[in-house]
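Asker: Handing you this structure, nothing more for now.
Protein chains: 2
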Amino acid sequence: MGPHIVSSFDDDLIAVQARISEMGGIAEDMLSSALEAVKNRDPKLAQEVIERDKRLDAIEMEVEQLATRVIALRQPMAGDLRLLISALKMASTLERIGDLAKNIARRAVYLASVRPVKLSSSIVRMGTQTLGQLTEVLDAYTSKDTALAVSVWKRDIEIDDVYNSIFREVVTYMMEDPRTIGLGSQLLFVAKNLERIGDHSTHLAEMIYYIVEGTPLGDERPKGEPVGLEGF
Amino acid sequence: MGPHIVSSFDDDLIAVQARISEMGGIAEDMLSSALEAVKNRDPKLAQEVIERDKRLDAIEMEVEQLATRVIALRQPMAGDLRLLISALKMASTLERIGDLAKNIARRAVYLASVRPVKLSSSIVRMGTQTLGQLTEVLDAYTSKDTALAVSVWKRDIEIDDVYNSIFREVVTYMMEDPRTIGLGSQLLFVAKNLERIGDHSTHLAEMIYYIVEGTPLGDERPKGEPVGLEGF
Chain A
1 MGPHIVSSFD DDLIAVQARI SEMGGIAEDM LSSALEAVKN RDPKLAQEVI
51 ERDKRLDAIE MEVEQLATRV IALRQPMAGD LRLLISALKM ASTLERIGDL
101 AKNIARRAVY LASVRPVKLS SSIVRMGTQT LGQLTEVLDA YTSKDTALAV
151 SVWKRDIEID DVYNSIFREV VTYMMEDPRT IGLGSQLLFV AKNLERIGDH
201 STHLAEMIYY IVEGTPLGDE RPKGEPVGLE GF
Chain B
1 MGPHIVSSFD DDLIAVQARI SEMGGIAEDM LSSALEAVKN RDPKLAQEVI
51 ERDKRLDAIE MEVEQLATRV IALRQPMAGD LRLLISALKM ASTLERIGDL
101 AKNIARRAVY LASVRPVKLS SSIVRMGTQT LGQLTEVLDA YTSKDTALAV
151 SVWKRDIEID DVYNSIFREV VTYMMEDPRT IGLGSQLLFV AKNLERIGDH
201 STHLAEMIYY IVEGTPLGDE RPKGEPVGLE GF
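Residue numbers (full-length UniProt numbering), protein chains in the order written: chain A, 1 to 232; chain B, 1 to 232.
Structure below.
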């Protein structure tokens, strides 16, 4: 991002980036705890995740105010302006990831109140994979590592595949035992939320690439083919 | 928005706003056609909706480039900067609404390939209500009518309620006839997509309020209480 004459402008940029990293850490932690709440049937932990989301909303607003103020007061050049505009987009994406984790936590409260099903373990496995992608993309942001960002971006197709196979598994399960339809519907939504968190991680990867390289990553990303019943 | 000395800056602002209105029109049209495709079991129309989404993605990128360029070249004051930053957020929200409409269109292709169910008509009714909200919030943007924006914002709770009742209706239907589980799951996702489009319309209402009034709308919005099985 090159040196600036006025050092406090650098401080401003560092402050914006620190807030984004903080948001990333909270989102990661919310997803991890939401999965643990599903796994251990722990409504108390789920409730904590739901509460934490407020902090994420508050920091998003801070990032917006800070970035807008910096843009208004300084006259950032191309690279810095790109960083600030991208920070706004990243903050909004991280806030949405937090929302999805909160949604999973809410469903975890419900899942803990009904009888346990084996299916939950497939979902938790998918969740662990999704969490791994999120962690890597946040590392890529911290280290400005575009190769790592591109690798996350390319691997989203694996999560799409797992999602499609879980969709089939849950529908089959519901068909075999119609008493599980209410429960199964909740699991479908949890899987869908994870798939969307995976999508958002690829959006973050695109933004990181753009911040560092100054050109868009392009849209050649491999995508899972939706067939028949899958939840595309 | 006050008068400016350099009139071409006004032209820039008008150009950004025109793009946002164009995106709004396309998103509205995509949702309307996707619902028609579900209603009339029309996979060809659904395919057209899927194609149109590319245009929306392209304009979002244009808005981003245009707004960034205007911010970089001019030094917009508070009100104009707010308008430009909000334009970025509105473009991103409209792009997401388009994505959701595309997703409904994809499911319409599937729904047209299986036997018709009465349930679809409840979904289409919910869709018409959601479309009405989107149309009104876009009108509020064009006319800078914050009272209309606030009215859309407050009425989202009605869509949440319809969503919850459709969720129960579809789950009951699947329980009565397990052969409809695959189909029912698709309908649940269509309803969920509509509920999210409703949420995004409230986000647009918040942005419009902020552009015009310069203060946030606050978060006192009434929300439907998720109970038991509903798809929160």
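Think of the CB as a built atom: it goes at the ideal place given N, C-alpha and C, for glycine as much as any other residue.
1. Taking C-alpha atoms, which residue in A:A140, A:D161, A:I123 lies nearest to A:S151?
2. Is A:E195 closer than 8 Å to A:D161 when the C-beta atoms are compared?
3. Does B:S92 get closer than 8 Å to chain A when you measure Cβ to Cβ?
4. Assign B:N193 to one of three DSSP states: helix, strand, or coil.
5. If you follow the alpha helix (DSSP H) that A:R106 is part of, which residue opens it and which one closes it?
6. When the cut-off is 8 Å and only beta carbons count, does A:E225 lie next to chain B?
7. Would you say B:T202 faces chain A, with C-beta separation under 8 Å as the test?
8. How long is the line joining the alpha carbons of A:I211 and B:R52, rounded to whole angstroms?
9. Between the C-alpha atoms of B:P43 and B:A108, what's the straight-line distance to the nearest angstrom?
10. Kindly indicate which residue of B:D29, B:G79, B:L45, B:E60 has the alpha-carbon position closest to the one of B:D10.
11. In three-state terms, what does DSSP make of A:D145?
12. Using a Cβ cut-off of 7 Å, pull out every chain B residue sitting near A:M175, in sequence order please.
13. Going along chain C, which residues have a C-beta under 7 Å from A:Q75?
14. Using a Cβ-Cβ cutoff of less than 8 Å, which residues in the same chain neighbour A:E158 once the five nearest sequence positions on both sides are dropped?
15. By alpha-carbon positions, which one of B:S8, B:S165, B:R41, B:L56 ends up nearest to B:V70?
16. Smallest Cα separation from A:R96: which of A:E213, A:V170, A:I26?
17. Just the C-alpha distance for A:V190 and A:E62, rounded to the nearest angstrom, thanks.
18. Between A:E28 and A:L138, is the Cβ-Cβ spacing less than 8 Å?
19. Would you tell me roughly how many angstroms separate the C-alpha atoms of A:I50 and A:M30, rounded to the nearest one?
20. I want to verify the contact list: residues of chain B whose CB lies under 8 Å from the CB of A:A78, in sequence order.
21. Helix, strand or coil: which one does DSSP assign to A:L73?
22. Using a C-beta cutoff of 8 Å, does B:I85 count as contacting chain A?
23. How long is the line joining the alpha carbons of B:G198 and B:G98, rounded to whole angstroms?
24. Alpha carbon to alpha carbon, how far is residue 234 of chain A from A:V16?
25. Count the other CB atoms within 10 Å of the CB of A:Q186; is the residue buried (16 or more) or exposed (fewer)?
26. Any idea what DSSP makes of A:V171, helix, strand or coil?
27. For B:I59, which three-state DSSP category applies?
28. Check the Cβ of A:T68 against every Cβ in chain B and list those closer than 7 Å, keeping chain order.
29. Please classify B:E206 as buried or exposed, where buried requires at least 16 other C-beta atoms within 10 Å of its C-beta.
30. Does any CB atom of chain A fall closer than 8 Å to the CB of B:S185?
31. Is there at least one Cβ from chain B nearer than 8 Å to A:V212's Cβ?
32. Identify whether B:G218 lies in helix, strand or coil by the three-state DSSP scheme.
33. Just the C-alpha distance for A:V170 and A:I85, rounded to the nearest angstrom, thanks.
34. Determine, using beta carbons only, whether A:V137 comes closer than 8 Å to chain B.
35. Taking 8 Å as the threshold (beta carbon to beta carbon), is A:V171 in contact with chain B?
36. If we count the other Cβ atoms within 10 Å of its Cβ and call it buried at 16 or more, is A:T142 buried or exposed?
Answerer: A quick look at the data gives this:
1. In the first sequence, the residue the question calls residue 151 of chain A occupies position 151. Of the listed residues, the one whose Cα sits closest to A:S151 is A:A140.
2. Mapped onto the first sequence, residue 161 of chain A falls at position 161. Mapped onto the first sequence, residue 195 of chain A falls at position 195. Their beta carbons are not under 8 Å apart, which means A:D161 does not touch A:E195 by this criterion.
3. Stepping through the second sequence from its first residue, residue 92 of chain B is reached at position 92. So, interface residue.
4. Position 193 of the second sequence, counting from 1, holds the residue named residue 193 of chain B. Here B:N193 sits in helix by DSSP.
5. In the first sequence, the residue the question calls residue 106 of chain A occupies position 106. Here the alpha helix (DSSP H) through A:R106 covers 78 to 113.
6. Position 225 of the first sequence, counting from 1, holds the residue named residue 225 of chain A. Unreliable positioning characterises A:E225 in this predicted model, as indicated by a pLDDT of 45, which lies under 50. The coordinate reading is nonetheless provided below. A:E225 does not count as touching chain B.
7. Position 202 of the second sequence holds residue 202 of chain B. Taking Cβ atoms only, chain A never reaches closer than 8 Å to B:T202, which makes this a no.
8. For the purposes of this step, residue 211 of chain A is taken as the residue at position 211 of the first sequence. For the purposes of this step, residue 52 of chain B is taken as the residue at position 52 of the second sequence. Using only the alpha carbons, I get a separation of about 28 Å.
9. As a working mapping, residue 43 of chain B is identified with position 43 in the second sequence. As a working mapping, residue 108 of chain B is identified with position 108 in the second sequence. Between B:P43 and B:A108, the C-alpha separation is close to 7 Å.
10. In the second sequence, the residue the question calls residue 10 of chain B occupies position 10. Here the closest residue by C-alpha is B:G79.
11. Looking up residue 145 of chain A in the first sequence gives position 145. Reduced to three states, the DSSP call for A:D145 is coil.
12. If you number the first sequence from 1, residue 175 of chain A lands on position 175. Within 7 Å Cβ-Cβ: P178, I181.
13. The structure shown contains no chain C; its protein chains are A and B.
14. Translated into positions along the first sequence, residue 158 of chain A becomes position 158. Within the same chain, A:E158 has close Cβ partners Q129.
15. Taking the second sequence and counting its residues from 1, one reaches residue 70 of chain B at position 70. Just measuring C-alpha positions, the residue of B:S8, B:S165, B:R41, B:L56 sitting nearest B:V70 is B:S8.
16. As a working note, residue 96 of chain A is residue 96 in the first sequence. Looking at the Cα atoms, A:I26 is the closest of the given residues.
17. The residue labelled residue 190 of chain A in the question sits at position 190 within the first sequence. The residue labelled residue 62 of chain A in the question sits at position 62 within the first sequence. Their Cα atoms are separated by approximately 29 Å.
18. The count along the first sequence starts at 1 and reaches residue 28 of chain A at position 28. The count along the first sequence starts at 1 and reaches residue 138 of chain A at position 138. Result yes, Cβ atoms of A:E28 and A:L138 sit closer than 8 Å.
19. Counting from one through the first sequence, the residue named residue 50 of chain A turns up at place 50. Counting from one through the first sequence, the residue named residue 30 of chain A turns up at place 30. Each residue's alpha carbon lies about 8 Å from the other.
20. Your numbering for residue 78 of chain A matches position 78 in the first sequence. Annotation: Cβ neighbours of A:A78 in chain B (cutoff 8 Å, chain order): A72.
21. Taking the first sequence and counting its residues from 1, the one referred to as residue 73 of chain A is at position 73. In this structure, A:L73 counts as helix in the three-state DSSP scheme.
22. The sequence position of residue 85 of chain B within the second sequence is 85, counting from 1. Taking Cβ atoms only, chain A reaches closer than 8 Å to B:I85, which makes this a yes.
23. Residue mapping note: residue 198 of chain B aligns to position 198 of the second sequence, counting from 1. Residue mapping note: residue 98 of chain B aligns to position 98 of the second sequence, counting from 1. Computed Cα separation, rounded: 13 Å.
24. This structure cannot settle anything about residue 234 of chain A, because the visible part of chain A is limited to 1 through 232.
25. Within the first sequence, residue 186 of chain A is the residue found at index 186, counting from 1. Residue burial is scored here from C-beta neighbours: A:Q186 has at least 16 other C-beta atoms within 10 angstroms and is therefore classed as buried.
26. Taking the first sequence and counting its residues from 1, one reaches residue 171 of chain A at position 171. If DSSP states are grouped into helix, strand and coil, A:V171 belongs with the helices.
27. Residue mapping note: residue 59 of chain B aligns to position 59 of the second sequence, counting from 1. Of the three classes helix, strand and coil, the one that applies to B:I59 here is helix, per DSSP.
28. Within the first sequence, residue 68 of chain A is the residue found at index 68, counting from 1. Chain B residues near A:T68: L81, I85.
29. Locating residue 206 of chain B in the second sequence gives position 206, where the first residue counts as 1. Flag for B:E206 reads buried.
30. The residue given as residue 185 of chain B occupies position 185 in the second sequence. At least one chain A Cβ lies under 8 Å of B:S185.
31. On the first sequence, residue 212 of chain A is found 212 positions in, with the first residue counted as 1. Answer no: the Cβ-Cβ gap between A:V212 and chain B never drops below 8 Å.
32. Working through the second sequence from its first residue, we reach residue 218 of chain B at position 218. Three-state DSSP puts B:G218 in coil, outside helix and strand.
33. Taking the first sequence and counting its residues from 1, the one referred to as residue 170 of chain A is at position 170. Taking the first sequence and counting its residues from 1, the one referred to as residue 85 of chain A is at position 85. Roughly 41 Å separates the two Cα atoms.
34. Here residue 137 of chain A corresponds to residue number 137 of the first sequence, with the count starting at 1. No, its Cβ sits nowhere closer than 8 Å to a Cβ of chain B.
35. As a working mapping, residue 171 of chain A is identified with position 171 in the first sequence. A:V171 counts as touching chain B.
36. Numbered from 1 along the first sequence, position 142 holds the residue referred to as residue 142 of chain A. Answer is exposed; the Cβ neighbour count stays below 16.
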